[in-house]
Amino acid sequence: MDFALSEEQQAIFDMAREFGAEHIAPFARDWEREGTIPRELWGKLAELGFGGLYVSEEAGGAGLSRLDAVLVFEALSMACPSVASFLSIHNMCAAMLDRFGSDDLKARVLEPAIGLEKVLSYCLTEPGAGSDAAALRTRAEKTNAGYVLNGTKAFISGGGYSDAYVVMCRTGTEGARGISTLVVEHGAEGLSYGGLEDKMGWRAQPTRQVQFDDCFVPGENLVGTEGDGFKYAMIGLDGGRLNISACSLGGAQAALDATLAYMGERRAFAQTLDRFQALQFRLADLEIELQAARVFLRQAAWKLDQGAPDATKHCAMAKKFVTEAGSQVADQCLQLHGGYGYLADYGIEKIVRDLRVHQILEGTNEIMRLIVARTMLAERG
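For what it's worth, this note's numbering labels the leading residue of the sequence shown as 1, then goes sequentially.
Below is the structure:
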């Protein structure tokens, strides 16, 4: 069993990290303050193939593995978890269109999405349907020309900013089997947005409710088959959970790197902080946590790439473990900075704020435990 990255994988990681250091990190605080990500960034990311990381090469994507993509998101998150996670959502949507979309949808929506000329958002959660996603109430009534969509989606990253929305909606009866997936393009009649949400973290990416009031969607914007939308959403979330875990890992690693540097400079009681054995032990614990999280995450990504029967279970376990480890490490890094960790200038408090939501989205960590437990009981027979 070889745990080393290949030369190509190391090059992918290095390329993403260097890009983030040059084009994202120096501006991350400004973008957070402004509450938006400049459009020109997406074009630069597209030049590296980051608009369709694991979209097939046949469709014009980079055709990378899930493990490769995890490396990209870890590296980019070392510059800014908020920007990297938004790109992760876009890639999750692009992969769904590549796998299940019609040729027409691929030509009209996926192709420009790969070039990041179109930014995609994922619309599953509703004000009354979060963890119980199969209880969603947004409904699409079929007509001769397509669908008329009514309902509201909540906590949508890119709401009012993105160019197209991959929407899970009800076309049939109650439950998971009555859900389909539609692509709603910005500017559609009946599509509107709520006010900008004032969030704890992820402040660089605009988040709003997305509202559909007799919103007409052409029939050709149906993704795949009616009634299979929930299945598509869950398949997308397996990879999304890996990506968001990678964002936690990268953010926490950046916090630890900054803490190591700080402790070599900050003096107390006539010596630098890194000379105190008690604090050295704290550093060791943080390094152990991150290395364990990294191995666990990459194993889960490998399983998803291999189509392993327990891939969903491992994606859920990795998401729970890595996102919690990332938040704990970032919090301890803030503590080791003392009062300076609480100041924006040092960058640690932003990481703490950005990482906290990772335990909630892409399925809460309570739902991750539920997936793992149910799988264990089913395996017991």
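Cβ coordinates follow ideal geometry from the N, Cα and C atoms, glycine included. Note that this is a predicted model, so its numbers are computed, not measured.
In this structure, DSSP gives aspartate 132 a state outside helix and strand, which the three-state scheme calls coil.
In the structure shown, glutamate 197 falls within a coil segment according to DSSP collapsed to helix, strand and coil. Under the criterion of beta carbons closer than 8 Å, isoleucine 351 and alanine 292 do not qualify as touching, at roughly 19 Å. With fewer than 16 other beta carbons inside 10 angstroms of its own, asparagine 144 counts as exposed. With respect to the 9 Å criterion, alanine 316 and glycine 363 are classified as neighbours on the basis of their beta carbons. The alpha carbon of leucine 249 has as its nearest neighbour, out of Leu355, Glu40 and Ala164, the alpha carbon of Leu355. Cβ contact annotation for tyrosine 262 (same chain, cutoff 8 Å, sequence separation greater than five): Leu273, Leu336, His337, Tyr340 and Tyr346, in chain order. For the pair of segments examined, the stretch 196-211 was found to touch the stretch 143-161: the number of CB pairs separated by less than 8 Å reaches three.
Within the model, the alpha-carbon separation for threonine 312 versus aspartate 2 is close to 22 Å. Between leucine 136 and alanine 129, the beta carbon gap of about 4 Å places them in contact (Cβ cut-off 8 Å). In the DSSP assignment, cysteine 123 falls within the unbroken beta strand (DSSP E) covering 120-123.
As DSSP reads the structure, phenylalanine 216 sits in a beta bridge with Val148. Membership of alanine 330 in any beta strand (DSSP E) is not indicated; the residue belongs instead to the alpha helix (DSSP H) covering 311-336. A straight line joining the alpha-carbon of glycine 20 with that of aspartate 257 spans about 15 Å. A Cβ-Cβ separation of about 26 Å leaves valine 83 out of contact with alanine 133 under the 8 Å criterion.
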